[in-house]
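In what follows, a single structure is set out as structure tokens and then discussed.
2 protein chains.
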Amino acid sequence: MLCYSWNVNGIRSVARKDLLPWKVLPRADVICLQETKAQQHMLETSLGEPDGWHSHWHSAQKPGYSSVAIISRDAPDEVMHGIGDDTYDSEGRVIAARFGTLVVISAYFPNSRDGGARLDYKLAFCAQMESYLDHWRKRGFEVILQGDYNIAHNPIDLARPKENQKNAGYLPQERAWLTRFLALGYRDVFREKNPDLPGAYTWWTNWAGARGRNVGWRIDYSCVSPGLYDRVTEIRHCPEIMGSDHCPVAIEVR
Amino acid sequence: MLCYSWNVNGIRSVARKDLLPWKVLPRADVICLQETKAQQHMLETSLGEPDGWHSHWHSAQKPGYSSVAIISRDAPDEVMHGIGDDTYDSEGRVIAARFGTLVVISAYFPNSRDGGARLDYKLAFCAQMESYLDHWRKRGFEVILQGDYNIAHNPIDLARPKENQKNAGYLPQERAWLTRFLALGYRDVFREKNPDLPGAYTWWTNWAGARGRNVGWRIDYSCVSPGLYDRVTEIRHCPEIMGSDHCPVAIEVR
DNA sequence: CTTCTGAAG
DNA sequence: CTTCCGAAG
């Protein structure tokens with residue numbers, strides 16, 4: 000099963016550019032999208048229910064904000080919208096689809112914002128995410144938590160670690176949460192398979208040609224529950240796929 | 000003196016397209032602009048004070064709304080911002096520049112809006128405009144009232160008169176005001192010189208290729224005070240000039 | 001720098 | 001359909 004995650008920064012934006020995920024992501028079985036920036040009822044059918052795919056959306060109450068989706072070739076056996084707490088669910092940040100014993104989650108973690116204005120909210124979301132994953136695992140399922148974590152974990156995960164110590168996405172508290180999360184047994188597949196690979200980023204600011212100069216951050220992850228790690232057959236970034244300020248991440252499990 | 004009037008629908012928009020008025024309007028002495036949609040302090044100097052020109056702006060309080068300007072090769076002898084009533088002046092709708100005994104006015108009349116929601120405001124603006132013009136004429140000056148009147152006067156002035164009887168810009172009350180205004184002696188120079196010319200429009204909606212099919216309205220005028228009419232040497236529309244949903248209007252007086 | 005809404009035209 | 005704002009990233 001080949002499973003992509005992509006923060007599209009506006010599904011209508013990539014549609015305008017003729018770079019829709021289900022067109023440009025090769026051999027996809029499942030596509031996790033973040034920041035679709037649309038409530039499903041605002042989308043034309045061609046975007047909201049693409050032909051030949053099963054699609055499930057979880058949108059923010061606020062129009063044009065956040066919102067996630069899972070698009071799959073096969074119908075999921077179960078879909079869960081949100082994380083079970085309206086504080087987060089009103090912002091359309093999480094959707095999950097279960098295929099047999101495998102749960103694929105599309106998550107858009109909060110941005111902690113300038114001055115850490117939303118750091119507390121983000122850390123509370125992260126804590127809630129742990130119990131949410133427990134909920135699935137207690138039922139005997141393995142999980143892939145795919146999405147935009149809005150956290151660069153370690154210095155190797157961004158081009159300018161020193162300059163960003165006080166910036167949203169690289170604050171000590173968010174980095175510490177990710178460390179703790181992995182200590183629970185979840186596996187950051189990309190980094191484990193590429194422990195010393197620098198310059199492997201998934202997001203670049205739009206300013207000043209950052210992507211062309213590869214001045215970026217790795218903030219999009221495919222983390223898997225412990226029992227799933229040995230079933231991973233491939234993990235890669237797709238920086239060649241354009242259309243968003245993020246690039247897709249692909250994971251294949253057997 | 001060759002004097003243009005152009006509703007640019009955003010001065011920054013035409014700048015992006017490299018179609019700035021002082022670049023694309025040939026042999027201009029004076030350029031009246033409407034809907035510049037910027038407060039002067041929000042503009043780069045190259046837009047707000049173009050090199051080789053004298054520029055005067057009158058902006059709405061609300062950022063990005065309305066706003067007019069007069070750009071001229073020679074420095075005006077006098078500039079007047081607004082019409083003398085803050086009800087209208089807070090919306091940045093009128094600026095005047097006097098060159099000797101000739102007063103050139105750039106005016107952006109209110110849109111009467113769907114259902115005539117703002118018709119009363121517009122008619123009050125029109126009434127105020129009459130006294131404003133009197134003010135200049137009592138001082139012995141001739142006036143050119145150039146700009147976007149947001150009124151198509153007669154059936155010949157729009158492509159679909161029957162379909163638009165109840166639409167903003169062609170309501171009986173606004174048409175009646177323009178009739179009355181001309182009865183005061185002001186001269187609609189374009190129509191007087193081209194009394195039976197159909198299809199001479201200055202605005203086309205952006206929808207459905209209206210400009211390509213010339214489904215438009217004549218809502219931009221150069222009206223002159225009675226004593227000026229015999230000094231007019233040219234009047235024309237410039238539909239070849241792109242960059243806005245309006246085209247420029249040019250008048251030359253001797 | 002870019003995406004979006006919502007007001008406005 | 002397009003402009004602009006302001007929020008957001």
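Protein sequences, first through last, are from chains A and B. So that you can map any letter, position 1 of the first sequence is 0 in numbering that gives the first Met the number 0, and since no number is skipped, the others follow by simple counting. So that you can map any letter, position 23 of the second sequence is 22 in numbering that gives the first Met the number 0, and since no number is skipped, the others follow by simple counting. Cβ atoms here follow ideal geometry from the backbone N, Cα and C, with glycine treated the same way.
According to DSSP, simplified to helix, strand and coil, what is residue i?
i, result
"B:Thr-232", "strand"
"B:Met-79", "strand"
"B:Arg-97", "strand"
"A:Arg-186", "strand"
"B:Trp-52", "coil"
"B:His-152", "coil"
"B:Leu-157", "strand"
"A:Gly-211", "coil"
"B:Ser-111", "coil"
"A:Lys-192", "helix"
"B:Arg-11", "helix"
"A:Lys-121", "helix"
"B:Glu-239", "coil"
"A:Glu-43", "coil"
"B:Tyr-266", "The structure shown has nothing for residue 266 of chain B, since chain B only spans 0 to 253."
"B:Ala-116", "coil"
"A:Pro-171", "helix"
"B:Ala-27", "coil"
"A:Asn-256", "Residue 256 of chain A falls outside the range modelled here, since chain A spans only 0 to 253, and no answer is possible."
"B:Ala-74", "coil"
"A:Arg-138", "coil"
"A:Lys-22", "helix"
"A:Asp-85", "helix"
Identify the residues that DSSP records as bridge partners of residue i: which are they?
i, result
"A:Glu-251", "A:Leu-1, A:Glu-233"
"A:Glu-90", "A:Ala-59"
"A:Val-67", "A:Gln-33, A:His-57"
"A:Leu-144", "A:Ile-104, A:Cys-222"
"A:His-245", "A:Trp-202"
"B:Asn-6", "B:Gln-33"
"A:Trp-216", "A:Leu-157, A:Trp-202"
Output yes or no for whether 8 angstroms exceeds the beta carbon distance between residue i and residue j.
i, j, result
"B:Asn-149", "B:Phe-189", "no"
"A:Pro-197", "A:Ile-234", "no"
"A:Ile-218", "A:Asp-147", "yes"
"A:Tyr-120", "A:Gly-83", "no"
"B:Tyr-64", "B:Lys-36", "yes"
"A:Val-279", "A:Met-0", "The first residue shown for chain A is 0 and the last is 253, placing residue 279 of chain A beyond what the model contains."
"A:Ala-96", "A:Pro-75", "yes"
"A:Asp-244", "A:Trp-202", "yes"
"B:Cys-237", "B:Trp-176", "no"
"A:Ser-224", "A:Tyr-200", "no"
"B:Leu-170", "B:Gly-215", "no"
"A:Gln-172", "A:Leu-118", "yes"
"A:Ala-167", "A:Asn-110", "yes"
"B:Asp-88", "B:Gly-81", "yes"
"B:Pro-20", "B:Trp-5", "yes"
"B:Arg-92", "B:Leu-46", "no"
"A:Arg-258", "A:His-152", "Summary: the structure shown does not reach residue 258 of chain A, with chain A confined to residues 0 through 253, and so no result is reported for it."
Apply the 10 Å Cβ neighbour rule to residue i and answer buried if 16 or more other Cβ atoms are within range, or exposed otherwise.
i, result
"B:Asn-205", "exposed"
"A:Gln-33", "buried"
"A:Asp-17", "exposed"
"B:Arg-138", "exposed"
"B:Asn-213", "exposed"
"B:Met-79", "buried"
"B:Pro-247", "buried"
"A:Glu-162", "exposed"
"A:Ala-207", "exposed"
"A:Ser-221", "buried"
"B:Ala-27", "buried"
"A:Leu-183", "exposed"
"A:Asp-187", "buried"
"A:Met-241", "exposed"
"B:Arg-15", "exposed"
"A:Glu-239", "exposed"
Sufficient close CB pairs (3 or more, under 8 angstroms) joining the stretch 136–156 of chain A to the stretch 97–114 of chain A: yes
Does the count of Cβ pairs from the stretch 68–76 of chain B and the stretch 50–57 of chain B closer than 8 angstroms reach three? yes
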